[in-house]
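Asker:
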Amino acid sequence: MGACVPQPSLHPLQSGTSRGPGLCKNDSCSGGASCVDLNNSYFCLCIDGYYYNSSICKKGKVFPGTIKVNVSETSGLEDEKSMAYKNLYVEIIKFFKGAFTNPDFGQTVIHKVRIPASARSEMRAGNKLVDVTVVNLFAENANENETTISTAIDKAVANNRNTFSDYTTQDRCGFYGCENAQDDCRDVLQCKCKPGLSRPNPQTALCLGKLYCSRVEKKKCEKIRWSPDCVCLPGYQKDAQGSCQACPFGYSGVNCEDEFQLILTIVGTVAGILILGMVIALIFLRSKKNKGIEEQNLIENDFQSLRLSTTGFSNLGAEGSIFPKVRATFKDSPAQNPYSQNPYSQRNMPRPDY
């Protein structure tokens, strides 16, 4: 059993940083910010409650919320170095930068990307919606509030319905795990944590709790609804007793919600049946063809034997007789006609041309 404290995954979105992969260096970010690599760019990350602007970290006014984003690819969205995450990164920064024309706007931060089970399946046709939790930061003295932020985002969504939809504002105190306060937890680094929660360090705004989640029991720590909890590893789901059990056949992913393997198995089975049917049909046709050839060969051999016995010549032009004229009498039964020994001789045997 090991102690586990879930850490936040905050990704500020900076523009003008596309200069190639693996770009972070010791001096890439200043003002106490850390550098994080993306697929072909990087960004500078300040501590919670601060945003990176003009090469320094500034204390900000935070507005958390969740928005649905239409993406074409979900594979790799959990990996910030993947191209899928980079494409999401670009869409998010473009959208919120266009939504907020207020000069007090500082930065947008991706807090979490949740991929529903319906969007995880690679075989799902059409567009795929993912839930993205973001934190928008404004200057500390900005006049913006939850109402003005929601209004601006809803207007931007109406102009970008092909990509964005359903923005939902989240309570600031609840988001950071703080007790409800009269100032709505505007200073997220100073708000009082709820009972049982605490900050891992003074620079972390999120109030977290210590949980003991054993990987031996197929569990890990994760922040659920702004509070840490033990959840099952991908490929497992909780049973009635709270134990993590392996997914049923054909299912995988978080809480066994991904049916891709089941769909693949069904498609493979149907394809196998069709291929087997085609093989059987081919064998039957080849057998029928070979039987027809055998029948024709027996008829021809029988006719050759009959001609040889009645004429005495294997070649009708042998021994000086070019056109030998010999009559042949056919008997009704095999006993009377010893030259008719195959089952096909009674059927349409061609008459000798003499």
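Counting in UniProt numbering, the sequence shown runs from 1 upward without gaps. We put the beta carbon where it would ideally sit given N, CA and C, even for glycine.
#1: Between the Cα of Leu189 and those of Gln182, Asn201 and Pro195, spot the shortest distance and give me the residue it belongs to.
#2: Among Gly65, Ala281 and Asn53, which has the Cα closest to the Cα of Ser150?
#3: Buried or exposed: where does Val134 fall if 16 or more other Cβ atoms within 10 Å of its Cβ makes it buried?
#4: Can you give the Cα-Cα distance for Ser55 and Leu137, rounded to whole angstroms?
#5: Cutting at 8 Å between CB atoms, please list the residues of its own chain near Leu77, excluding the five before and the five after it.
#6: Go ahead and pull the three-state DSSP assignment for Gly106.
#7: How should Asp258 be labelled, buried or exposed, when 16 other C-beta atoms within 10 angstroms of its C-beta is the threshold for buried?
#8: Are three or more beta carbon pairs between the stretch 172-180 and the stretch 94-103 nearer than 8 Å?
#9: Apart from the five residues on each side of it in sequence, which residues of its chain come closer than 8 Å, Cβ to Cβ, to Ser162?
#10: Determine the closest residue to Asn141 out of Ser252, Asn40, Ala117 and Lys59, with distance taken between C-alpha atoms.
#11: Tell me the DSSP bridge mates of residue 366?
#12: Asp131 bridges to which residues according to DSSP?
#13: I'd like the span of the beta strand (DSSP E) that includes Phe164, first residue to last.
#14: Helix, strand or coil for Phe95 per DSSP?
#15: Roughly how many angstroms separate the alpha carbons of Arg286 and Gly272, rounded to a whole number?
#16: Need the endpoints of the alpha helix (DSSP H) that Tyr176 sits in, please.
#17: Could you pull the DSSP bridge partners for Lys60 from this structure?
#18: For Ile110, tell me which candidate among Glu179, Tyr51 and Asn290 has the shortest Cα-Cα distance.
#19: Quick one: is Ile275 buried, meaning 16 or more other Cβ sit within 10 Å of its Cβ, or exposed?
#20: Starting from the C-beta of Gln245, find all residues in its chain whose C-beta is less than 7 Å away, skip the five residues before and the five after it, and write them out in chain order.
#21: Check each candidate in Pro234, Ile92 and Gln203 and name the one with the smallest Cα separation from Tyr167.
#22: In the structure shown, what three-state DSSP assignment does Tyr251 receive?
#23: Going by C-alpha distance, which of Asn39, Phe43, Gly22 and Lys220 is nearest Cys29?
#24: Answer with buried or exposed for Phe284, where buried requires no fewer than 16 other C-beta atoms within 10 angstroms of its C-beta.
#25: From Val254 to Pro234, what does the alpha carbon distance come to, in whole angstroms?
#26: In terms of residues, what are the limits of the alpha helix (DSSP H) holding Ala152?
#27: Grouping DSSP H, G and I as helix and E and B as strand, with all else coil, what is Ser198?
Answerer: Checking against the coordinates, here is how it stands:
#1: Asn201
#2: Gly65
#3: buried
#4: 16 Å
#5: Val71, Ala84, Tyr85, Leu88, Val113, Ile115 and Val130
#6: strand
#7: buried
#8: no
#9: It is Asn, not Ser, that sits at residue 162 in the sequence shown. Taken in chain order, the residues that qualify are Asn70.
#10: Lys59
#11: Lying outside 1 to 354, the shown extent of the chain, residue 366 is not represented and no answer is given.
#12: Lys68 and Arg114
#13: Phe164 to Thr169
#14: helix
#15: 21 Å
#16: Arg172 to Tyr176
#17: Note that residue 60 corresponds to Gly in the displayed sequence, not to Lys. Answer by DSSP bridge pairing, in chain order: Ala139.
#18: Tyr51
#19: exposed
#20: Tyr236, Gln237 and Asp239
#21: Ile92
#22: coil
#23: Phe43
#24: exposed
#25: 4 Å
#26: Glu146 to Ala158
#27: strand
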